[in-house]
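Here is the structure we will look at.
In the numbering used here, the protein residues as written are 362 to 445.
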């Protein structure tokens, strides 16, 4: 699965692998999701991105996990979606 991501100075495609379907707990309750992940760009690196997309919420990303090369992790989980 390819996503086009805006990253200066140009837009390029990033390839994500579909990993599995997973039910996750959020402040909005349990959500059915599809987990996709971007593997490290270079051999021997450990950075990556995991994204949980919720088909029942118009495919919004409802959880994100960023891993850097020092194995530190930042995780964000949705608390509310407001449609306008």
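C-beta: ideal position from N, C-alpha, C; glycine also. These figures come from a predicted structure and were not determined experimentally.
Alpha-carbon spacing of residue i relative to residue j, whole angstroms
i: residue 447; j: residue 409; result: Within the shown structure, residues of the chain are numbered from 362 to 445, placing residue 447 beyond reach of any answer.
i: residue 429; j: residue 442; result: 27 angstroms
i: residue 422; j: residue 432; result: 22 angstroms
i: residue 413; j: residue 445; result: 22 angstroms
i: residue 418; j: residue 388; result: 14 angstroms
i: residue 381; j: residue 416; result: 13 angstroms
i: residue 434; j: residue 427; result: 6 angstroms
i: residue 383; j: residue 439; result: 15 angstroms
i: residue 424; j: residue 437; result: 6 angstroms
i: residue 378; j: residue 420; result: 16 angstroms
N-terminal and C-terminal residue of the beta strand (DSSP E) that residue i is part of
i: residue 439; result: That residue, residue 439, is in no beta strand (DSSP E); it is neither H nor E in DSSP.
i: residue 411; result: 409-415
i: residue 378; result: 378-387
i: residue 444; result: Segment: none, residue 444 is in no beta strand (DSSP E) and carries neither H nor E.
i: residue 430; result: Where residue 430 is concerned, there is no enclosing beta strand (DSSP E), given that its DSSP letter is neither H nor E.
Beta-carbon separation (whole angstroms), residue i vs residue j, contact threshold 8 angstroms
i: residue 385; j: residue 394; result: 6 angstroms
i: residue 411; j: residue 392; result: Incorrect: roughly 15 angstroms between the Cβ atoms, too far for contact.
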